[in-house]
Amino acid sequence: ATSDPVVGLYHAGWTGIAVELEARFCPVLASVVHKQHTNVGVMCPVKATPENTPRMLHDHNVAKDFAYLKIDIDSYDCDVLQAILADGFRPAVIQMETGAIPPPIKFNVQYTPEYARPHAQIYQAFGCSLSYTNDLIARVAHDGGYKLIQAGLDSIWIRGDVIARSPVHVWVQPDETTAFVNGFWRWPWRRELHIWEIGTEHWFQFQSDIPRLAAVQEHMRCVQDCFHEADPGTGRAPSFLYTLSR
């Protein structure tokens with residue numbers, strides 16, 4: 005919570021909503037957000053879903069063209085993004101954690117009410133990939149003219165009219181692969197900080213998409229079969245749905 009880049013926006017006087025599921029983070033989040041008497045509503049512990057997130061925005065009278073949206077829930081991130089965009093919201097800036105799956109692989113964890121996230125250290129593919137997110141934004145919010153600006157561990161899109169009005173030059177990435185290589189792949193702390201990224205080196209080094217798809221598919225099969233504990237009552241692991249294509 006303390007290293008989140010949006011904290012600087014809070015302390016600069018921006019208004020907003022901070023939503024967090026984990027109860028253990030609530031005191032820290034409230035302390036950081038309200039450190040300088042910021043006008044930010046903290047909703048914690050609250051589970052953000054595709055069903056309730058647009059409603060939360062409406063309940064807080066958030067403008068359709070609000071300034072900054074950041075989603076980082078390490079699960080069904082793109083389903084939440086799609087729900088927000090489908091409701092007509094067009095934030096000026098969208099920040100999404102897109103992680104290690106390289107273009108052109110389209111990967112997305114789908115929302116189910118019973119979704120349970122595996123342990124972070126073995127869950128190498130989560131949320132949604134850069135290509136899936138880029139395609140989603142172009143498809144659902146095509147009227148926004150969003151452009152990909154950065155593709156690191158987190159990726160950033162800016163609405164077209166905001167770029168046009170910018171007093172400084174905004175560098176738009178020429179394509180997804182260039183953005184991925186110059187961002188995530190060359191990120192200096194990629195291996196040191198995240199165990200799950202060490203195991204994904206070969207995903208990008210494969211010479212074609214077919215072995216990449218097979219490797220991600222095998223990883224997700226292991227996530228489902230090996231790391232999801234079965235429910236004592238039913239003997240079954242929680243539902244874990246995802247899409248994978250190129």
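Numbered per this note's numbering, the sequence shown finishes at 250, counting up by one with no gaps. Here a beta-carbon is modelled for each residue, glycine too, at the ideal position from N, C-alpha and C.
So, helix, strand or coil for residue i, using DSSP?
i	result
Y119	coil
C132	strand
A87	helix
V10	coil
Q125	Because the pLDDT at Q125 is just 49, under 50, the model does not fix this residue reliably, and the point stays unresolved.
T247	strand
E101	strand
V166	helix
G187	helix
V113	strand
V23	strand
V172	coil
Q221	helix
H15	helix
P95	coil
Note the first and the last residue of the continuous beta strand (DSSP E) segment covering residue i.
i	result
S159	158-162
A145	Unbroken run through A145: none, as it is neither H nor E.
L152	151-155
Along the chain, where does the alpha helix (DSSP H) that runs through residue i open and close?
i	result
E180	180-184
L33	30-37
Between residue i and residue j, how many whole angstroms is the CB-CB distance? I'm expecting something under 8 Å.
i	j	result
P49	C30	6 Å
Q221	I160	Not a contact, Cβ separation roughly 29 Å.
T42	H62	So it is not a contact: roughly 22 Å between Cβ atoms.
V44	T19	6 Å
- Three-pair Cβ contact test at 8 Å for the stretch 132-143 versus the stretch 166-173: Between the stretch 132-143 and the stretch 166-173 there are fewer than three inter-stretch CB-CB distances shorter than 8 Å, so the stretches are not counted as touching.
- Message: Quick check for students: name the residue ranges of the beta strand (DSSP E) that lie wholly in the stretch 44-91, counting only runs of 3 or more.
- Response: Taken in chain order, the complete beta strand (DSSP E) segments of 3 or more residues contained in the stretch 44-91 are 44-47, 72-75.
- Message: Can you confirm whether the stretch 83-93 touches the stretch 155-163 when touching is taken to mean that 3 or more C-beta pairs between the two stretches lie within less than 8 Å?
- Response: Here the stretch 155-163 does not lie against the stretch 83-93, with fewer than 3 beta-carbon pairs under 8 Å apart.
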